[in-house]
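J.:
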């Protein structure tokens, strides 16, 4: 049994996905074996101070040591570890990478926004959708939002913007970045009618589960809007106690909803498909493409 691992060091959480790789009908497939998510919130330090504190760096190193031990126990043969927005912006990002290498022998790669987008698109969601439609692909993270426009299954344009949930909670999102994003969306979607959105990231997955839509069916803009209105009618405490949201989901889900809603309105999109995959899945797909294809 081949086992691959993906480590995603995000601005909100750090994830380890261990996947079993099998071959069926001449194609390689993967099945999620184990997924562990640790809500470290590196973005709180990185976006406010451009520096990751000793405490958070220590927690990240401990997390990576645990991940390495699990990978050994599961006999993982290939892995890829990527860090995104928070580590990109922290002045001591590379120092932490060195410490992780010393302590765990794991190589953590701090990736640029474009590579982050490419890894997310390695999931090839568009293959399962109507190829006559045009899709705006939206991935919302703690520190950045990755956007891509797919026309007839081909990515025509993509861009990463420094707008994310942790950044918004910390009031570190800039007016001009929102303006830039609006202009980019308008420019890259105006030629296309019949647009739909594809949403990835932990928050849209949670929103989709709350919508009670059937898997594979799209969620309407109207539904997303009413979920958002419901969420903001509760206090943070109530979102945790009454709605049963995890404490580290209950706050970020509000700015995430705002990003998805804003982008859909700008592009005149009425429906969003939520395929329940993200960065870690993209890493596994990328490993399969690189090592086995």
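Residue numbers (our numbering): 1 to 293.
Using N, Cα and C, we set each Cβ at its ideal position, and we do this for glycine too.
The structure displayed is predicted, hence computed values, not measured ones.
Just grab the DSSP bridge partners of residue 154 for me.
T.: Beta-bridge pairing links residue 154 to 151.
J.: Measure how close the beta-carbons of residue 9 and residue 87 come, nearest whole angstrom, since I'm counting them as under 8 Å.
T.: The Cβ separation is near 6 Å, so the contact holds.
J.: Within the segment 84-113, note down every full beta strand (DSSP E) run reaching 3 residues or more, in order along the chain.
T.: Those beta strand (DSSP E) runs which fall completely within the segment 84-113 and span 3+ residues are 108-110.
J.: With H, G and I counted as helix, E and B as strand and the rest as coil, what does DSSP make of residue 41?
T.: Three-state result, residue 41: coil.
J.: Over the uninterrupted alpha helix (DSSP H) stretch that includes residue 61, give me the two end residues.
T.: Start and end: 54-73.
J.: Taking the alpha carbon of residue 112 as the reference point, which residue from 127, 259, 143 has its own alpha carbon closest?
T.: Of the candidates 127, 259, 143, the one whose C-alpha sits nearest the C-alpha of residue 112 is 143.
J.: Indicate whether residue 114 and residue 160 have their beta-carbon atoms separated by less than 8 Å.
T.: Yes, these two residues count as a Cβ contact at 8 Å.
J.: Who are the Cβ neighbours of residue 53 in its own chain at under 6 Å, not counting the five residues just before and after it?
T.: The answer, listed in chain order, is 45.
J.: Please give the ranges of any beta strand (DSSP E) in the segment 119-200, keeping only runs that are unbroken, at least 3 residues long and fully inside the region.
T.: Runs found: 134-140, 145-151, 154-161, 195-200.
J.: Check for me: the alpha helix (DSSP H) holding residue 222 runs from which residue to which?
T.: Unbroken alpha helix (DSSP H) run through residue 222: 221-232.
J.: Are residue 273 and residue 166 close, meaning C-beta to C-beta below 8 Å?
T.: No; because the gap between Cβ atoms is not below 8 Å, this pair is not in contact.
J.: Do three or more CB pairs link the segment 177-196 to the segment 124-135 at distances below 8 Å?
T.: Judged by Cβ distances under 8 Å, the segment 177-196 makes contact with the segment 124-135, as three or more pairs qualify.
J.: Taking its Cβ as the centre, do 16 or more other Cβ atoms sit within 10 Å of residue 89, making it buried, or is it exposed?
T.: Counting Cβ neighbours within 10 Å, residue 89 comes out buried, since at least 16 surround it.
J.: Let me make sure I understand the geometry here. Which of 181, 42, 129 has the alpha-carbon closest to that of residue 154?
T.: Checking every option, the nearest Cα to that of residue 154 belongs to 129.
J.: Hey, would you say residue 100 sits closer than 8 Å to residue 61, going by beta carbons?
T.: The answer is yes: Cβ separation under 8 Å.
J.: Residue 30 by DSSP, collapsed to three states: which one?
T.: Strand, per DSSP.
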